[in-house]
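Under the numbering used here, think of the first position of the sequence shown as 5, with each following residue one higher. Think of the CB as a built atom: it goes at the ideal place given N, C-alpha and C, for glycine as much as any other residue. Keep in mind that this is a model prediction, so the values were computed, not measured.
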Amino acid sequence: MDVRRRRMLVASLAAITVSACSNGARADDVEMRRERLREALRQRREARGSQIPVDIDTTRVADSRAQRGPFTPIQIEDVWSDAARGGRTVPWRAYLPQNARGLSPVVIYSHGGGGTRASGASYGEHIASHGFVSLHLQHAGSDRDAFRNNPQQISEAARNPAQGAPRFLDVLFAYQQLQGLADGTLASAIDKTAVGIAGHSLGAITTQIAAGQVVTGFEQTLAVPALKGAIALSPSPPRALYGDEQTAFSRMFMPLFHMTGTLDDAPNGDFEAPARRIPFDRISNVDQWLMILEGANHFTFGGDSNPQLRGQSFGYPALPRHHDLIKVGALAFWRWTLKRDANERAFLDRGGFQSLLARGDTFEARGARQ
Numbered sequence: 005m006d007v008r009r010r011r012m013l014v015a016s017l018a019a020i021t022v023s024a025c026s027n028g029a030r031a032d033d034v035e036m037r038r039e040r041l042r043e044a045l046r047q048r049r050e051a052r053g054s055q056i057p058v059d060i061d062t063t064r065v066a067d068s069r070a071q072r073g074p075f076t077p078i079q080i081e082d083v084w085s086d087a088a089r090g091g092r093t094v095p096w097r098a099y100l101p102q103n104a105r106g107l108s109p110v111v112i113y114s115h116g117g118g119g120t121r122a123s124g125a126s127y128g129e130h131i132a133s134h135g136f137v138s139l140h141l142q143h144a145g146s147d148r149d150a151f152r153n154n155p156q157q158i159s160e161a162a163r164n165p166a167q168g169a170p171r172f173l174d175v176l177f178a179y180q181q182l183q184g185l186a187d188g189t190l191a192s193a194i195d196k197t198a199v200g201i202a203g204h205s206l207g208a209i210t211t212q213i214a215a216g217q218v219v220t221g222f223e224q225t226l227a228v229p230a231l232k233g234a235i236a237l238s239p240s241p242p243r244a245l246y247g248d249e250q251t252a253f254s255r256m257f258m259p260l261f262h263m264t265g266t267l268d269d270a271p272n273g274d275f276e277a278p279a280r281r282i283p284f285d286r287i288s289n290v291d292q293w294l295m296i297l298e299g300a301n302h303f304t305f306g307g308d309s310n311p312q313l314r315g316q317s318f319g320y321p322a323l324p325r326h327h328d329l330i331k332v333g334a335l336a337f338w339r340w341t342l343k344r345d346a347n348e349r350a351f352l353d354r355g356g357f358q359s360l361l362a363r364g365d366t367f368e369a370r371g372a373r374q
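Pasting the structure below:
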């Protein structure tokens with residue numbers, strides 16, 4: 005996307021925001037319905053019991069993809085400024101494989117609501133140790149500072165594309181920056197032709213949109229078709245203002261791996277965990293994979309070893325095993341989509357990866373259907 009195109013998109017945000025907020029009474033009604041839904045979800049969780057199954061497998065995964073690779077990860081940080089958006093700043097942190105031979109494929113990582121460029125560090129370090137560069141963005145307006153100032157704006161970004169668009173444009177901007185790098189540590193390390201994207205929660209929505217999800221008011225102008233693959237950690241169905249699930253996923257641009265869990269309810273109460281497979285079920289025109297881990301909650305997929313929110317821990321005995329499986333699946337996916345390693349595609353499609361899962365876990369592989 006050129007500067008003129010980005011400016012046109014930025015100019016459209018105000019009109020969409022006004023349209024979405026034109027009826028205050030209606031907005032109040034919507035919030036009341038959401039509150040009732042949150043309460044209903046809470047009651048259902050209590051009724052079914054949201055505890056981890058007592059017999060859940062906690063054995064660590066022995067596959068080499070779960071282990072640290074041969075390269076030592078090194079970190080560099082900087083801040084980019086987008087003149088086309090009034091100088092909006094995009095802080096980033098990159099994890100690079102030290103002393104890697106040749107150029108390394110790149111994975112752009114988008115944090116969830118309330119995160120920073122430090123989010124997903126365990127993922128970045130892991131794939132860097134296996135020869136990839138992991139570029140972690142920080143999205144102003146839905147980052148840690150935004151959460152501290154007004155947590156509600158995080159939910160609004162997930163519900164209203166006008167609120168989420170600045171972070172979606174961050175991905176477009178970051179991709180352009182990568183393509184334009186001419187010198188420096190990052191420029192000398194990356195393969196600009198092999199770039200993918202991953203993200204958790206609100207970052208998974210960002211990932212889906214970059215991969216081609218159609219968004220009301222934007223269509224596919226926020227997508228980055230040149231990306232080679234996408235991993236959605238806690239994928240989401242489109243909320244009402246984003247569009248409908250029948251058409252939102254009709255023209256995706258790249259293979260996707262969806263990762264979720266049986267307890268991966270939306271933290272703001274918008275939907276329960278089973279709805280997270282909707283993107284997988286609706287997408288048909290690209291190759292895709294779906295993993296559902298039994299007992300995994302929403303915070304499993306952020307990658308933290310002891311995930312917490314407002315002082316409450318969301319850790320559990322099988323968390324290290326689940327993180328192993330996420331790393332194994334992700335590494336195989338990136339080796340296939342960014343390095344074209346056919347053995348890794350076979351590992352995903354022919355039972356190798358599925359053999360690592362425990363009873364109660366789900367894995368599905370589905371080829372593109374035109």
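Pop quiz: T277 and D268 are said to be a contact at Cβ under 8 Å. What is the actual Cβ separation, rounded to whole angstroms? The residue you call residue 277 lines up with position 273 of the sequence shown. The residue you call residue 268 lines up with position 264 of the sequence shown. The sequence given here places Ala at residue 277; Thr does not occur at that position. Going by Cβ atoms, the distance from A277 to D268 rounds to 4 Å, so yes, they are a contact pair.
What does a CB cutoff of less than 7 Å around D67 pick up in its chain, not counting 5 residues either side in sequence? In the sequence shown, counting from the first residue as 1, residue 67 sits at position 63. Counting only residues of its own chain and dropping the five nearest sequence neighbours on each side, D67 has a CB closer than 7 Å to the CB of V332 and L360.
Just reading off the beta strand (DSSP E) that N301 is part of, what are its end residues? Along the sequence shown, read from residue 1 onward, the residue named residue 301 stands at position 297. Q292 to N301 is the extent of the beta strand (DSSP E) around N301.
Can you tell which of H130, R152, T93 and Q167 has the C-alpha that lies nearest to the C-alpha of Q142? Along the sequence shown, one-based indexing puts residue 142 at 138. Per the Cα distances, T93.
In angstroms, rounded to a whole number, what distance separates the CA positions of A98 and D285? In the sequence shown, counting from the first residue as 1, residue 98 sits at position 94. In the sequence shown, counting from the first residue as 1, residue 285 sits at position 281. If I take the Cα positions, the gap works out to 33 Å.
The beta strand (DSSP E) spanning L237 covers which residue range? Numbered from 1 along the sequence shown, position 233 holds the residue referred to as residue 237. Run containing L237: A234 to L237, per the beta strand (DSSP E) assignment.
Proximity below 8 Å, CB of L176 to CB of L245: Position 172 of the sequence shown, counted from the start, is the residue given in the question as residue 176. Position 241 of the sequence shown, counted from the start, is the residue given in the question as residue 245. No; because the gap between Cβ atoms is not below 8 Å, this pair is not in contact.
Return helix, strand or coil for K196, following the three-state DSSP convention. In the sequence shown, residue 196 corresponds to position 192, counting from 1. In the structure shown, K196 sits in a strand (DSSP, three-state: E or B).
Same chain only: Cβ atoms within 7 Å of E129, ignoring 5 sequence neighbours per side: On the sequence shown, residue 129 is found 125 positions in, with the first residue counted as 1. For E129, where only same-chain residues beyond five positions count, the Cβ hits under 7 Å are P77 and Y99.
E223, enclosing beta strand (DSSP E) - first and last residue: Mapped onto the sequence shown, residue 223 falls at position 219. Premise fails: E223 is in no beta strand (DSSP E) and is neither H nor E.
Give me whichever residues DSSP pairs with A369 in a beta bridge. Counted from its first residue, the sequence shown places residue 369 at position 365. The partner list for A369 (beta bridge, DSSP) reads W293.
Report the three-state DSSP secondary structure of A29 (helix, strand or coil). Sequence index remark: in the sequence shown, residue 29 carries index 25 (1-based). A caution first: A29 carries a pLDDT of 45, below 50, which makes its placement in the model unreliable, though a value can still be read off. Looking at A29 - three-state DSSP - the assignment turns out to be helix.
Taking the alpha-carbon of L335 as reference, which of S238, F351, Q157 and F222 has the nearest alpha-carbon? Here residue 335 refers to the residue found at position 331 when the sequence shown is read from its first residue. Closest by alpha carbon: F351.
Helix, strand or coil for R363 per DSSP? Here residue 363 refers to the residue found at position 359 when the sequence shown is read from its first residue. Correct three-state label for R363: coil.
The segment 231-247 touching the segment 309-322, judged by at least three CB pairs closer than 8 Å: Segments in contact, no.
Pull up the distance between the alpha-carbon of L107 and that of L342, whole angstroms please. As a first step, residue 107 must be located in the sequence shown, where it is residue number 103. As a first step, residue 342 must be located in the sequence shown, where it is residue number 338. Using only the alpha carbons, I get a separation of about 12 Å.
What did DSSP end up calling T93 once you bin it into helix, strand or coil? In the sequence shown, residue 93 corresponds to position 89, counting from 1. Reduced to three states, the DSSP call for T93 is strand.
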